[in-house]
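**Student:**
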Amino acid sequence: MRPFKSSVLLAALVLFFGWTWTQLFGNVGISVQAADDGAFAPSSSDFAGGDGTKENPYIIETPAQLDKVRNYLDSHFKLGADIDLFHYSDGEGWEPIASGFNTSHPETLFTGSFDGNGFTISNLEIDREELCQGLFAAVGEEGEIRNVHLEDVTINGSSCVGSLVGLNYGVIENASANDGLVQGDDFVGGLVGRHSGELVGSHADILVNGVDSVGGLVGLLNGLNDKTVSIRDSYASGDVDGATFVGGLIGRNETDNKDSVNVITNSYAEGNVTGDSQVGGFIGSNAVLPGGTIIVRNSYATGDVTGQSQVGGLIGYNVTTSGSDTTFVIAQNYVTGKVTGPVDDTINGFIGENYFRPGSDIIVENNFWVKDHYSDPIPDNGFGTPVAEEDLLDPDTFSDWDLTDGWYHYEGEMPFLHWQNPLISWEISIEENDLTLDDSTKIIVKTEHQNGDQYNGVRSARYTIDPDVPEIVRVDSDGTVHAVKGGKATITVSLFDKSETFAIVVDSGSPEPPTITLHPDGWTNAAKVEVSIDHSAANPRQTDVHTIRVKIGDEEWEDHPFNGTPIRFEVTEEGQTKIQAQAMDDIGNKSTLVERTVKISRSGLKLEVDLYFTDNDSQAYLGGTWTNQSVTAAVYASHDHGIALRPIAYSLDEGAAWEIYHDPLDFTTEGQYSLWFRVEDVLGNEMSEHVLIRIDHTNPEIELKPDGDETLSRTISSQVNVKDDGSGIDAASLRYVWSTSSDPLDEHADWQPFINQSTLSYADKNGGDWYLHIYAKDQVGQESYKISQRFRLVREPDPSDSPSPPASARSGNATLRELILSEGVLTPEFSGDITMYKALIPHDADSIQLTIRAAHHQAGISVNGRQVRSDQGSIRIPLHTDTDIIDIVVTAEDGTRRTYSITVERMQEEMPDPPSPEPLFADIAGHWAEPFIQEAYAKGIVAGYPDGTFRPDHAVSRAEFTLMLVHALRLEGEAGGDAPAFADGEQIGEWAKQAIDLAARAGIVSGYEDGTFRPGRPVTRVEMAVMIARATGAELTDHAHTRFADDASIPAWAKSYVEEVRIMGIIHGRDRNLFAPNETLTRAEAVTSILRLLELLSQ
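Note that the UniProt record's numbering gives residue 67 to position 67 of the sequence shown, counting from 1, and the numbers run on in steps of one.
1. Mind listing, in chain order, the continuous alpha helix (DSSP H) runs of no fewer than 4 residues lying wholly within the stretch 988–1016?
2. If the criterion is Cβ atoms closer than 9 Å, does the pair VAL182 and ASN147 meet it?
3. Can you find the residues in the same chain that come closer than 7 Å, C-beta to C-beta, to SER742, ignoring five residues on each side of it along the sequence?
4. Compare the beta carbon distance of VAL635 and VAL529 with 9 Å and say whether it is the shorter of the two.
5. Taking Cβ positions, are GLY832 and THR759 nearer each other than 9 Å?
6. Since GLU448 contacts ILE424 with CB under 8 Å, what's their CB separation in whole angstroms?
7. Are there 16 or more other CB atoms within 10 angstroms of the CB of LEU622, so buried, or fewer, so exposed?
8. Closer than 8 Å by C-beta to ALA929: which residues in its own chain qualify, once you throw out the five before and the five after it? Chain order, please.
9. Report the partner residues of ASP212 according to the DSSP bridge assignment.
10. Using a Cβ-Cβ cut-off of 8 Å (strictly less than) and excluding sequence neighbours within five positions of SER811, which residues of its own chain qualify?
11. Taking the C-alpha atoms as reference points, what is the distance between ILE861 and THR899?
12. My guess is that ASP709 and ARG792 are in contact by the Cβ rule of under 8 Å, so how many angstroms apart are they, rounded?
13. How about SER277 and SER322: do their beta carbons lie closer than 9 Å?
14. Going by C-alpha to C-alpha distance, which of THR815, ALA845, PHE416 and LEU403 sits closest to SER822?
15. Are at least three pairs of beta-carbons, each pair with one atom in the stretch 929–938 and one in the stretch 1048–1060, less than 8 Å apart?
16. Measuring straight from C-alpha to C-alpha, what distance separates LEU124 and VAL211?
17. Does DSSP put GLU680 in a helix, in a strand, or in coil?
18. Buried or exposed: where does ALA1040 fall if 16 or more other Cβ atoms within 10 Å of its Cβ makes it buried?
19. Using the three-state DSSP reduction, which class does VAL904 fall into: helix, strand or coil?
20. Suppose contacts are defined by Cβ-Cβ distances below 9 Å. Is LYS838 in contact with THR903 by that definition?
21. What's the C-alpha gap between ASP615 and ASP666?
22. Look at SER196 and PHE245 and say whether their C-beta atoms are less than 9 Å apart.
23. Which of the three DSSP states, helix, strand or coil, is assigned to ARG1030?
24. Does the stretch 1025–1044 come within contact of the stretch 1060–1070, defined as at least 3 CB pairs closer than 8 Å?
25. Between ASP653 and the rest of its own chain, which residues show a CB-CB distance below 6 Å, the 5 nearest in sequence each way excluded?
26. Is the stretch 579–592 touching the stretch 492–504, taking contact as three or more C-beta pairs under 8 Å?
27. Do ASN456 and LYS446 have their C-beta atoms closer together than 9 Å?
28. How would you write the range of the alpha helix (DSSP H) that VAL966 sits in, first residue to last?
29. For TRP770, write down the residues that DSSP places opposite it in a beta bridge.
30. Check whether the Cβ atoms of residue 1100 and THR306 sit closer than 9 Å, and answer yes or no.
31. How big is the Cα-Cα spacing for PRO700 and GLU783?
32. Would you kindly check if the distance between the Cβ of ILE877 and the Cβ of SER901 is under 9 Å?
33. Rounded to whole angstroms, what's the CA-CA distance from PRO664 to SER957? Just pull it up for me.
34. Assuming the contact rule is C-beta atoms closer than 8 Å, VAL218 and VAL200 should be a hit. Round their C-beta distance to whole Å, please.
35. Can VAL311 and ASN272 be called in contact, C-beta distance under 9 Å?
36. Are there 16 or more other CB atoms within 10 angstroms of the CB of GLU365, so buried, or fewer, so exposed?
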């Protein structure tokens, strides 16, 4: 230990209280470096380059050039080579740069910048019993020292002694001192003697000896009025020896006034510390004098500490001299070293002793120190939590730490600081998102740090579950997720400053059905019946039900929110009203339907009519609907109170005449039957029921005007009128095609939909004989097919338009005669009297060609504001968005105007490699096909639209359905080979070409009789059935009939395909067991059929 000198004490007091040596003693005996008003003029020969500005600093490459820095204290410098100061080691050694420390005269301080540029300065030796010893004596507030690295340092001084800077008010960043010794009397630090500035990212691995305020990195951290003084991201490794105020990182830490803030964060000390009093493994003494704030956070000490009094593993002594304007924060720190000293209340494992004046704001929390070094009793004064060293390897120990603020910690590892080994990547995943009750899954958290270390972060992560009540899932500290209760939840995994959220579903199966209570129950003559619908789960782990669907009589289904309170309403209508209910849980599972019937008869009479098909009495007939089968009506009457009834009567002429009912009535002939039943009791109370029976045995009638035309024409047309006086026309079934064949066509012909009573036109420059084929069916599925007489087209175009009529007879005809699209198909079929159309075109089309002709040759045409000449006939329209509107304005001679509008929509673009599943589509919640769409999306069979929708009820095109099938069956190969070349191949989008090619080679799809594929045409249900049947590869059994109610509407060539896939369970009928073969297939139906196909193929 160096002897303590009174002269040194006086010098220390001068420095501590901010007085200058000049103020006490004048200029006697003081050597002060000063610029002397430019006494040192910069010379280009003084340095290796630069002009001393911040942008172009002086370059230092030799010790002599370094020595000249003292002449330009406000200039800027950068090392250009390693510097060896061996030749400056004689006598007192190196003379510190800027040896003055008078802050009232900044010219005595270094106020420029010095960049070590990654080079080292070695063999720095100083042996001078004077103030402010170091490479730099004093650095002012504007001064900056960065990237300076000292090697082999020997420093001996009196007060304010450090290897790099004796007294610092400026910024020191990324500086270090390695190997050697720094010693002095007071304010002695391994890097800085006295520090009142900013110190960041620096360290000292050097022995430090002194008497007062001795620290491994900084001797005295001295706060300044209204200023923050800080040390962060720094450390000291050397042993420290002193008398008082001795610390592994800082000897003494003091504030200046109430607005003075001293902050030490994200730092550590690992050297052994020895002293007499106020000795700490990290800081010897913290003092708030007279006010201010001291923060020590996110730091640790590992060295052993030895002293006689006020000794602590982290801090030796904390003191405040005032209760007001005083704040201490010591948080999230730990100590592993051993504290040794006499048995004394001031010798403790974490903080030796505290003296806090009343009113001080003291926060000491979440700190730990290792107790393994001690036998009972351990040195514990209640500050810091004593733990076993193995506890510091357990993430649970640090559950209250904010790991986003400076720390990393993993199971089996000591906590370490972010800057020590930065995190460069993390990977988090969950093995399974969809669980059932009692299932479990695992969350996996992996990290990689800058030095290549890889860690399992699952125990370090924090898990937040939403909702936490009710508890859907539980997450253990090892990342195991347990399914507790049915429902949806999200798990947010947080690790340090990162987080990620997973959605998880626990499916507990279909909920229990609700209960329906009627009051009064059964037949009643009350004015009303009160209905109550409630739900309770026998198993509380079932997914909560918050929706009950209710259907009252013939009304639509209505969803009612359910919060545990029964749903109540009243029924007042006489007769029987069916009440149906179904529970739906939070993840969309639905219970079985339950139903009850409200029966009100205020006369006490009950009259029930039973309608069924005559040939199958187990199949009920729904009154009022059309059928082509015979129907039987049976009636039953009774009385609630046993009162005698008169015979039941019936009427078929709206009550004009009544007949006594004896046996069930059979209706077999075509027609509509308004059937009334009536019954009276002997008291004269009467009840009646009405049913309507509709039977249709006649196929639709097709009329063509004209039916053929032998006149050679440029354009042929015929108005089609389909009539059915019975069940009526099924408008969706209407199809037509112009063909050169006078024989019936199969489903591969270019059938197009049309609107009844439309005029269907056709033109072909090649001329020839043409026949109009019409297909129609009625509402009960009875089909009609008509082929027109011959129409004749000329081979050459019509002669020029006739001259305009005289002005006195200007035409008012503003209709179009012809409208043809180069891409897609108009819906409905073009007619001059129809002005609103839609067209679905390939996704990759960027324009469309319109062929337009007015009915009158003098009419003008404009398209989207652009005039079209009468001799031009066509125009190409660019397309800009997924949906474009084309407005065609026809102006007649007399000014009459008519606007035709076409809404052009692009088809969905199916991507060959769909992205990984994202959250559900915006428009499928509650849809009957929702789970199937989710499954198909997850398997990469389908994708959604760019706006986040799926559009489950939209028609699917032939190209889209083929692509879905190919994705599902995982057909592979390159385009080409022996696949057929379709005549309209240029209309097939690039996204679908390979899939259509593969499906054609596999025999799943084929083209139409004209050699086209028609990729944009909506696929019909019968086409879907054929593709699915072919995809199964099964041998077909010949079926003359199917089990569908509209079997007559299914083409004979397709019946075997349809019946086979029905038997396989892949397709089902729509309402009333109708297959609807010619109706378009929806995207939802397509998905469901393909999934059933995959399930069949997997068996």
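C-beta atoms are modelled at their ideal positions from N, C-alpha and C, and glycine is treated no differently.
**Tutor:** Reading off the structure:
1. 990–1001
2. The count along the sequence shown starts at 1 and reaches residue 182 at position 182. The count along the sequence shown starts at 1 and reaches residue 147 at position 147. The answer is no: Cβ separation not under 9 Å.
3. The residue you call residue 742 lines up with position 742 of the sequence shown. Hits under 7 Å: TYR771 and ILE787.
4. By 1-based counting over the sequence shown, the position of residue 635 is 635. By 1-based counting over the sequence shown, the position of residue 529 is 529. Taking 9 Å as the Cβ cut-off, VAL635 and VAL529 do not qualify as a contacting pair.
5. Residue 832 sits at position 832 when you count from the first residue of the sequence shown. Residue 759 sits at position 759 when you count from the first residue of the sequence shown. Inclusion of GLY832 and THR759 in the CB contact set at 9 Å is warranted, their separation being smaller than that value.
6. As a first step, residue 448 must be located in the sequence shown, where it is residue number 448. As a first step, residue 424 must be located in the sequence shown, where it is residue number 424. Indeed, because the Cβ distance is near 6 Å, the residues count as touching under 8 Å.
7. As a first step, residue 622 must be located in the sequence shown, where it is residue number 622. Burial call: exposed.
8. Stepping through the sequence shown from its first residue, residue 929 is reached at position 929. Excluding residues within five positions, the ones whose Cβ falls inside 8 Å are PRO952, ALA1084, GLU1085, VAL1087 and THR1088.
9. As a working mapping, residue 212 is identified with position 212 in the sequence shown. In the DSSP output, where bridge partners are listed per residue, ASP212 has ASP186 and THR244.
10. Within the sequence shown, residue 811 is the residue found at index 811, counting from 1. Once the five neighbours on either side are set aside, the close Cβ partners of SER811 are PRO805, HIS856, GLN858, ALA859, ALA892, GLU893 and ASP894.
11. Position 861 of the sequence shown holds residue 861. Position 899 of the sequence shown holds residue 899. Roughly 10 Å between the two C-alpha positions.
12. For the purposes of this step, residue 709 is taken as the residue at position 709 of the sequence shown. For the purposes of this step, residue 792 is taken as the residue at position 792 of the sequence shown. Yes, ASP709 and ARG792 are in contact; Cβ-Cβ is about 7 Å, under 8 Å.
13. On the sequence shown, position 277 is the one that residue 277 refers to. On the sequence shown, position 322 is the one that residue 322 refers to. In this structure, SER277 keeps its C-beta atom at 9 Å or more from the C-beta atom of SER322.
14. Indexing the sequence shown from 1 puts residue 822 at position 822. The option with the nearest alpha carbon to SER822 is ALA845.
15. no
16. As a position in the sequence shown, residue 124 is number 124, starting the count at 1. As a position in the sequence shown, residue 211 is number 211, starting the count at 1. Between LEU124 and VAL211, the C-alpha separation is close to 22 Å.
17. If you number the sequence shown from 1, residue 680 lands on position 680. Three-state DSSP puts GLU680 in a strand.
18. Locating residue 1040 in the sequence shown gives position 1040, where the first residue counts as 1. So ALA1040 ends up on the exposed side.
19. For the purposes of this step, residue 904 is identified with residue 904 of the sequence shown, where counting begins at 1. In this structure, VAL904 counts as strand in the three-state DSSP scheme.
20. For this step, residue 838 is matched to residue 838 along the sequence shown. For this step, residue 903 is matched to residue 903 along the sequence shown. Yes, Cβ-Cβ distance for LYS838 and THR903 is below 9 Å.
21. Reading the sequence shown from its first residue, position 615 is the one you call residue 615. Reading the sequence shown from its first residue, position 666 is the one you call residue 666. Cα-Cα distance, rounded: 10 Å.
22. Along the sequence shown, one-based indexing puts residue 196 at 196. Along the sequence shown, one-based indexing puts residue 245 at 245. For SER196 and PHE245, no; Cβs fall outside 9 Å.
23. Start at 1 with the first residue of the sequence shown, and residue 1030 comes out as number 1030. Of the three classes helix, strand and coil, the one that applies to ARG1030 here is helix, per DSSP.
24. yes
25. The residue you call residue 653 lines up with position 653 of the sequence shown. The answer is none, since no qualifying residue turns up.
26. no
27. Position 456 of the sequence shown holds residue 456. Position 446 of the sequence shown holds residue 446. Result yes, Cβ atoms of ASN456 and LYS446 sit closer than 9 Å.
28. Start at 1 with the first residue of the sequence shown, and residue 966 comes out as number 966. Run containing VAL966: 958–969, per the alpha helix (DSSP H) assignment.
29. Along the sequence shown, one-based indexing puts residue 770 at 770. In the DSSP output, where bridge partners are listed per residue, TRP770 has PHE791.
30. Nothing about residue 1100 can be read from this structure; the chain reaches only from 1 to 1099.
31. As a first step, residue 700 is located in the sequence shown; it is residue number 700 there, counting from the start. As a first step, residue 783 is located in the sequence shown; it is residue number 783 there, counting from the start. The alpha-carbon atoms of PRO700 and GLU783 are separated by roughly 7 Å.
32. As a first step, residue 901 must be located in the sequence shown, where it is residue number 901. As a first step, residue 877 must be located in the sequence shown, where it is residue number 877. Cβ atoms of SER901 and ILE877: not closer than 9 Å.
33. For the purposes of this step, residue 664 is taken as the residue at position 664 of the sequence shown. For the purposes of this step, residue 957 is taken as the residue at position 957 of the sequence shown. So the two alpha carbons sit approximately 49 Å from each other.
34. For the purposes of this step, residue 218 is taken as residue 218 along the sequence shown, with counting starting at 1. For the purposes of this step, residue 200 is taken as residue 200 along the sequence shown, with counting starting at 1. Between VAL200 and VAL218 the Cβ distance is about 12 Å, and since that is not below 8 Å, they are no contact.
35. Stepping through the sequence shown from its first residue, residue 311 is reached at position 311. Stepping through the sequence shown from its first residue, residue 272 is reached at position 272. No; because the gap between Cβ atoms is not below 9 Å, this pair is not in contact.
36. Numbered from 1 along the sequence shown, position 365 holds the residue referred to as residue 365. When all chains shown are included, GLU365 counts as exposed.
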